[in-house]
Amino acid sequence: MAEITLDVRQLQVFAEVGYQVAGGGGACAAMAALRRVVPLDAYEFVAFDPATGRHQSVVSDGHPRIDRDAAEEYAGLEAYRRALATRAPVGMPEPGTERYFRRHLAPYGWRAGLTAPLFLGGGRYTGLLHLVSRGDFPRRTKALVAAVSPMLAHVTDLTRCVIDPVGLPADFRAVAFDRLGARREVPGREISPALRDDPAMAAFARAFIDSRELSRHGLWLDGAGGWHELRLLRAGVGFQGALQGAVAAERPCPLPYDLTGREVDVLTRVAAGDSNPQIAAALVLSVRTVTTHLEHIFAKLGCDSRTRLTTKALAEGLCRLDVRGASGK
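Residue numbers (the working numbering): 437 to 765.
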């Protein structure tokens with residue numbers, strides 16, 4: 437059996453694997469680096485999707501059938517449970533994996549298999565990496581694969597938003613959502629606790645995904661009474677952006693033009709095309725009070741007609757976004 441010894445070359449490979457994963461080279465480039473020290477003939481990344489609780493093949497190389505094998509079957513094996521418990525790679529064929537090996541590996545000429553559970557540095561499980569070879573793996577292969585698995589775990593991290601939306605200001609904090617309401621990180625963006633923890637935000641994002649809008653921009657009052665500038669943009673989420681999703685991004689802000697919260701509500705109704713009596717009924721105000729609010733709004737925004745007021749409000753995102761209302765639909 438071949439022997440792997442730790443040397444400078446292998447350390448360079450570890451660094452290259454991390455660089456390719458973090459720098460955008462992706463799974464194929466990272467595995468090309470790993471192949472310089474681990475002799476393998478094929479591999480498959482299987483991602484765990486926390487939104488569905490299931491596994492799915494996302495990247496494979498080396499055999500035309502490997503990415504069509506049942507990703508969930510391995511997750512039913514005792515070897516899978518052992519791998520999760522120990523966070524260590526499990527070889528094949530080993531006790532508990534013989535049937536899987538005979539069905540999925542042996543018929544295609546593979547002599548040895550190795551499956552590594554993938555955990556991020558913080559301990560979150562993201563999926564599996566299957567390796568196969570036509571010969572025996574060198575003795576230290578398990579240790580080497582275990583050493584790089586926290587870097588490779590980012591390949592199968594389906595909680596990340598893969599396609600970063602264009603045009604989002606740098607100081608906005610963000611969270612991505614898919615239609616099922618799963619929250620996902622946006623690469624290069626600080627997570628917004630306000631958006632992540634608001635129970636109504638997932639439904640609001642889903643309503644936006646189902647609309648024909650490309651973006652939405654306005655003011656949002658969080659549960660603690662703080663105002664935020666809120667933007668929603670369409671984005672591909674999950675592996676390679678394959679799922680329809682949305683990025684919700686916010687930054688705390690004072691109300692623009694010295695508007696009050698009630699004036700924002702009135703302005704929002706004006707932009708929606710409501711008349712003064714309709715606004716009064718919706719906000720439980722008298723028509724006279726609505727008229728007074730409008731006089732103040734016209735003066736603060738420097739507009740002399742409802743049309744100009746509406747145009748300015750929509751262009752500058754001055755309307756209140758009804759996050760709670762979307763959750764009730």
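Ideal placement from N, C-alpha and C gives every residue a C-beta, glycine not left out. Given the structure is predicted, the values throughout are model-derived calculations rather than measurements.
In chain order, what residues of the same chain lie with their CB nearer than 7 Å to the CB of residue i, ignoring the 5 residues before and after it?
i: Cys563; result: It should be pointed out that residue 563 corresponds to Gly in this sequence rather than to Cys. Here the set comprises Phe481, Val482, Ala483, Phe484, His491, Leu554 and Thr592.
i: Asn406; result: In the structure as shown, the chain begins at 437 and stops at 765. Residue 406 is therefore absent and cannot be evaluated.
i: Cys689; result: Trp663, His664 and Glu665
i: Glu699; result: His729, His732 and Ile733
i: Arg421; result: The structure shown does not extend to residue 421, since the chain is modelled only from 437 through 765, so no value can be given for it.
With a threshold of 16 other CB atoms inside 10 Å of the CB of residue i, please say whether the residue is buried or exposed.
i: Glu534; result: exposed
i: Ala463; result: buried
i: Asp572; result: exposed
i: Val495; result: buried
i: Gly697; result: exposed
i: Ala521; result: exposed
i: Ala717; result: exposed
i: Val720; result: exposed
i: Lys765; result: Residue confidence is low: Lys765 scores 41 on pLDDT, short of 50, so the model does not pin down where it sits. Its coordinate-derived value is still stated next. Lys765 comes out exposed.
i: Ser493; result: buried
i: Arg756; result: buried
Hey, how far is the Cα of residue i from the Cα of residue j?
i: Pro635; j: Ala660; result: 13 Å
i: Val611; j: Val683; result: 6 Å
i: Leu754; j: Phe608; result: 17 Å
i: Gly512; j: Arg539; result: 15 Å
i: Asp758; j: Trp656; result: 8 Å
i: Ile627; j: Arg667; result: 14 Å
i: Ala749; j: Ser651; result: 15 Å
i: Arg670; j: Gly681; result: 6 Å
i: Arg560; j: Leu631; result: 21 Å
i: His653; j: Asp477; result: 50 Å
i: Leu616; j: Arg642; result: 8 Å
i: Phe640; j: Asp633; result: 13 Å
i: Ala708; j: Glu508; result: 49 Å
i: Ala466; j: Leu588; result: 8 Å
i: His499; j: Pro529; result: 19 Å
i: Ala519; j: Val581; result: 13 Å
i: Arg517; j: Ala548; result: 20 Å
i: Val474; j: Pro574; result: 8 Å
i: Val702; j: Val584; result: 57 Å
i: Arg687; j: Ala606; result: 10 Å
i: Arg576; j: Leu567; result: 14 Å
i: Arg523; j: Ala552; result: 8 Å
i: Ala594; j: Leu565; result: Note that residue 594 corresponds to Leu in the displayed sequence, not to Ala. Straight-line Cα distance between these residues: approximately 15 Å.
i: Gly545; j: Pro531; result: 20 Å
i: Arg570; j: Leu550; result: 12 Å
i: Ala751; j: Arg619; result: 28 Å
i: Tyr510; j: Pro543; result: 17 Å
i: Leu691; j: Asp658; result: 13 Å
i: Gln714; j: Ser647; result: 25 Å
i: Arg596; j: Val622; result: 6 Å
i: His590; j: Ala468; result: 16 Å
i: Leu470; j: Asp497; result: 13 Å
i: Glu514; j: Pro486; result: 21 Å
i: Thr747; j: Pro629; result: 32 Å
i: Tyr536; j: Ile645; result: 40 Å
i: Gly849; j: Asp710; result: No answer is possible for residue 849: the residues shown for the chain start at 437 and end at 765.
To which residues of the same chain is residue i closer than 6 Å at the C-beta, ignoring the five residues directly before and after it?
i: Gly557; result: Pro586
i: Tyr693; result: Lys736 and Leu737
i: Gln685; result: Correcting the residue identity first, residue 685 is Ala in this sequence and not Gln. Around Ala685: Leu604, Phe608, Ala610 and Arg667.
i: Lys578; result: Pro525
i: Asp614; result: Val673, Leu679 and Gly681
i: Ala638; result: Phe613 and Gly617
Name the DSSP beta bridge partners of residue i, please?
i: Gly549; result: Met528 and Val568
i: Tyr479; result: Asp497 and Leu567
i: Phe613; result: Arg619 and Ala682
i: Arg652; result: Leu668
i: His729; result: According to DSSP, His729 bridges with nothing at all.
i: Pro688; result: His664
i: Leu754; result: Answer is none; Leu754 lacks a bridge partner.
i: Ile627; result: Ala610
i: Leu513; result: Beta-bridge pairing links Leu513 to no other residue.
i: Arg490; result: Asp485
i: Val673; result: Leu679
Might you give, ordered along the chain, the residues of its own chain that have their beta carbon closer than 8 Å to the beta carbon of residue i, omitting 5 neighbours on each side?
i: Leu695; result: Leu703, Ile733, Lys736 and Leu754
i: Asp740; result: Phe734
i: Arg760; result: Ala636
i: Leu745; result: Leu703, Val706, Ala707, Ile733, Phe734, Leu737 and Cys739
Chain D beta carbons: is any one of them nearer than 8 Å to that of residue i?
i: Thr696; result: The question asks about chain D, but that chain is absent: this structure has only one protein chain.
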